[in-house]
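>
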Amino acid sequence: MAVGQVSFKDPKRVKRVTVVQRQNPIVNRLNKTKREEYPNLYQQKEDHLREIRKRERIAQQDRKKQEKVVEQERQNIKYQKDHAYDAWNDDSAVAGSSNQHGQSYEDFEDDFM
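Per numbering that gives the first Met the number 0, residue 0 is the first one in the sequence shown, and the count goes up by one each step.
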């Protein structure tokens with residue numbers, strides 16, 4: 000049996016139909032459109048697998064970029080939480096805002112009594 004040949008499991012059940020006369024115009028039209036291909040299946044498979052690997056690699060790179068952006072945002076939020084009150088406790092800001100006209104607290108205590 001040739002490679003790719005179709006056969007039947009039970010030859011007794013095969014039904015055959017006889018054609019009275021062959022119709023050449025129909026056969027000729029069919030033969031004009033007939034096309035036989037012998038593709039390189041191994042090469043097609045390799046091309047397909049290469050394309051799949053390329054798509055997966057691009058998707059993985061996109062995921063890594065997104066994860067990096069998310070991690071950067073988390074670090075920014077954490078930094079803001081940790082350093083939210085750094086400027087609030089600055090000594091120069093406290094000294095400049097408290098006590099009018101540069102008077103010290105000792106002067107205020109003396110004036111109070």
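All residues carry an ideal CB built from backbone N, CA and C; glycine is no exception.
Alpha carbon to alpha carbon, what distance is there between Gln43 and Gln60?
To locate residue 60, count along the sequence shown from 1; it is residue 61. To locate residue 43, count along the sequence shown from 1; it is residue 44. Cα to Cα, Gln60 sits roughly 26 Å from Gln43.
> Which ranges would you report for the alpha helix (DSSP H) in the region 22-75 if only whole runs of at least 4 residues count?
You should have 23-32.
> Taking only the alpha-carbon atoms, compute the straight-line gap between Tyr41 and Val16 and give it to the nearest angstrom.
On the sequence shown, residue 41 is found 42 positions in, with the first residue counted as 1. On the sequence shown, residue 16 is found 17 positions in, with the first residue counted as 1. Near 39 Å, if we compare the C-alpha coordinates of Val16 and Tyr41.
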